[in-house]
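Working notes, beginning with the structure itself.
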């Protein structure tokens, strides 16, 4: 079946970077645009950016511009999100979500990233 | 940036009740509005796309309506398994979400 499986939980110190992976299966990886969305404790969902899995085009939220990098490896059907210069406010669950046409049709299970000294 | 405001923030309802959740956009977005259900410790799941199109496999008691700036998610004959937080999402860049509406089943 169509699914997105993310990498496991991470604990990082302030100032470090984290890289989260999202492996797709059950469909043609290059058919979707892959988005990254995060959810801090008790907060609303927050969009971070997307990558066109086919041609590699990408767009980032202005809020994260300069700190986030989204990439993909088509041979591995995997998308990646790297966030740098981590601070405590970046503690959140990070989701990948696949978009066919505007809406997010499928979501990964989420990856908890904790930033703590 | 388009701001989405949902109401109510929280609602306590009994099974078989009809529930209406609204989402208001700070500017017109046509029909580019989607609804998700998120249960505790789970990832969100798509319910409705383009304001009124039911996503595959979603029970028929869920429906959506609206266009422009005002949108509604309706759950007819609520079931216990519908306890969750519901989010609206607009797909004009930058993408934004509503603050969520938490439904508690009495």
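Protein chains in written order, with my numbering: chain A, 1 to 117; chain B, 1001 to 1106. For glycine and all other residues, C-beta sits at the position ideal for the given N, C-alpha and C. Fair warning: this is a prediction, and the values are worked out from it, not measured in the lab.
- Residue 103(A) reaches chain B at 1034, 1046, 1049, 1050, 1055, 1089, 1091, counting residues in chain order whose Cβ is nearer than 8 Å.
- Beta-bridge partners of residue 1004(B) (DSSP): 1025(B).
- Residue 1039(B) places its beta carbon less than 8 Å from that of residue 1084(B).
- The beta carbon of residue 25(A) does not come within 8 Å of any beta carbon belonging to chain B, so the residue lies off that interface.
- Within chain A, the residues placing a beta-carbon under 8 Å from that of residue 1096(B) are 47, ordered along the chain.
- Residue burial is scored here from C-beta neighbours: residue 28(A) has fewer than 16 other C-beta atoms within 10 angstroms and is therefore classed as exposed.
- In the three-state reduction of the DSSP assignment, residue 64(A) falls in the coil class.
- In this structure, the straight-line span from the alpha carbon of residue 1008(B) to that of residue 1086(B) is close to 11 Å.
- Under the three-state reduction of DSSP, residue 31(A) is assigned to helix.
- Taking all protein chains shown into account, residue 33(A) has 16 or more neighbouring C-beta atoms within 10 Å of its C-beta and is therefore buried.
- Boundaries of the beta strand (DSSP E) harbouring residue 97(A): 92-99, taken from the DSSP string.
- DSSP places residue 53(A) in the coil class of the three-state scheme, outside both helix and strand.
- With a threshold of 8 Å between beta carbons, residue 62(A) makes contact with chain B.
- Here residue 1010(B) is exposed, its C-beta having fewer than 16 other C-beta atoms within 10 Å.
- In its chain, beyond the 5 residues on either side, 1004, 1006, 1071, 1088, 1098 have a beta carbon closer than 6 Å to the beta carbon of residue 1023(B).
- By the Cβ neighbour-count rule, residue 11(A) is exposed, with fewer than 16 other Cβ atoms within 10 Å of its own.
- For the 8 Å CB-CB criterion, residue 47(A) and residue 1095(B) form a contact.
- Residues of chain B with a Cβ closer than 7 Å to the Cβ of residue 110(A) are, in chain order, 1043.
- Your pair residue 38(A) and residue 80(A) does not check out as a contact, with CB atoms roughly 15 Å apart and the cut at 8 Å.
- For residue 1036(B), the enclosing beta strand (DSSP E) covers residues 1033-1038.
- For chain B, the residues of the region 84-96 of chain A that bring a beta carbon within less than 8 Å of one of its beta carbons are 95, in chain order.
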